[in-house]
Every structure is written in C-alpha cells, then in structure tokens.
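Encoded as structure tokens, the structure appears first; notes follow it.
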Amino acid sequence: MAGVLKPHAATLLIGAIREKYPDLPIHVHTHDSAGTGVASMVACAKAGADAVDAATDSLSGMTSQPSINAILASLEGSDLDPGLNPAHVRALDTYWSQLRLLYSPFEAHLAGPDPEVYEHEIPGGQLTNMMFQAQQLGLGTQWAE
Numbered sequence: 500m501a502g503v504l505k506p507h508a509a510t511l512l513i514g515a516i517r518e519k520y521p522d523l524p525i526h527v528h529t530h531d532s533a534g535t536g537v538a539s540m541v542a543c544a545k546a547g548a549d550a551v552d553a554a555t556d557s558l559s560g561m562t563s564q565p566s567i568n569a570i571l572a573s574l575e576g577s578d579l580d581p582g583l584n585p586a587h588v589r590a591l592d593t594y595w596s597q598l599r600l601l602y603s604p605f606e607a608h609l610a611g612p613d614p615e616v617y618e619h620e621i622p623g624g625q626l627t628n629m630m631f632q633a634q635q636l637g638l639g640t641q642w643a644e
C-alpha cells in the first residue's frame with residue numbers, strides 16, 4: 500500500500516498465491532511512491548493477477564496509483580492486453596485534471612518518485628496527510644528531519 504511493491508517481489512508473491520490458490524481472484528493495489536508502480540503492476544498481471552489498480556494519468560504517480568495509460572501501453576499487443584482504447588481513457592483525463600486543481604492544497608507537491616519509501620514505508624495517502632498537517636502546524640520546513 501505504501502508503494503513498496505517491487506516488480507520482482509510482485510512476481511514471486513502473485514505467482515505463489517496463484518500456484519497455491521488457482522481459482523482465487525487476485526486484485527492488486529499499490530501506490531507509485533518510488534516510481535516502480537507500472538513495472539510492478541505489469542509484473543503482477545504477468546504472474547497471474549486478475550486485476551490491478553491504476554489511476555487516470557492526471558491523478559497518477561507518486562502517492563497515487565500508477566498510470567493506467569502507461570500500464571495499457573506496457574501490455575499492448577501481449578496476451579494480457581485488456582483491449583481498452585487508450586484514446587478513450589485519455590479523453591476522461593481532461594475532467595480529472597481540472598478537478599485535481601481544486602485539491603491542490605492537499606497535494607504532497609513531490610518533485611518526483613521517492614525511493615526513500617522503501618525505508619520509511621509511509622503509505623501514499625498518509626504521506627500527503629502528514630505533509631499537509633506539518634505545513635498547517637508551521638513545521639513544513641522541518642519535513643526532511
């Protein structure tokens with residue numbers, strides 16, 4: 500949930516679950532905090548997951564889920580290609596990109612992926628909440644500490 504699922508671990512985990520429970524529906528959720536979310540979701544799909552969570556492009560990445568269009572592009576032409584039209588998925592993104600502006604005060608405002616998530620393991624939603632609270636308490640400049 501914190502975005503700490505690495506592709507190799509995803510392959511091992513989903514593969515082991517699928518082998519032991521072949522009929523169990525497997526639905527995987529992760530965040531893209533470290534920037535490995537797309538690779539991890541593709542690995543999950545290849546290892547036998549039935550569904551993986553993704554976010555529309557304008558709401559994806561970092562503390563959110565990996566980009567749906569990046570996952571679709573990664574699976575395009577393979578046996579796992581879900582057949583969704585990327586243009587149709589992108590068309591929905593205009594709405595979400597505008598709506599996201601309303602929530603700007605609650606953004607984590609991260610400049611890029613944070614591989615330190617493998618150390619602190621703070622879940623994506625909690626990270627943005629904690630950063631917002633630190634700012635409100637006047638402690639934002641001490642966040643790195």
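Take 500 as the starting number for the sequence shown in this note's numbering and just add one per residue. A virtual CB, placed ideally from N, CA and C, is assigned to each residue, including glycine.
Under the three-state DSSP convention, the category residue i falls into
i      : result
Ser539 : helix
Val503 : coil
Asp556 : helix
Ala550 : strand
His526 : strand
Residue span of the alpha helix (DSSP H) that contains residue i, given as start and end
i      : result
Ile570 : Ile567 to Leu574
Ser594 : Note that residue 594 corresponds to Tyr in the displayed sequence, not to Ser. Per DSSP, Tyr594 belongs to the alpha helix (DSSP H) from Pro585 to Leu601.
Gly623 : Gly623 to Gln635
Tyr617 : Val616 to His619
Expected contact under 8 Å - CB spacing of residue i and residue j to nearest Å
i      : j      : result
Asp556 : Asn568 : 5 Å
Beta-carbon proximity of residue i to residue j, cut-off 9 Å
i      : j      : result
Ala542 : His587 : no
Ala538 : Val503 : no
Thr510 : Ala546 : yes
Ala550 : Pro521 : no
Ala544 : Leu574 : yes
Ala607 : Met540 : no
Arg517 : Ala548 : yes
Leu571 : Asp578 : no
Asp531 : Pro585 : no
Met630 : Gly623 : no
Leu558 : Arg599 : yes
Gln625 : Ala633 : no
Gln564 : His528 : yes
Glu620 : Ala501 : yes
Spatially closest choice to residue i from the options, by CA coordinates
i      : options                           : result
Gln635 : Ile621, Phe605 and Ser596         : Phe605
Gly536 : Ala643, Glu644 and Tyr617         : Tyr617
Lys505 : Gly637, Pro614, Asn628 and Thr627 : Pro614
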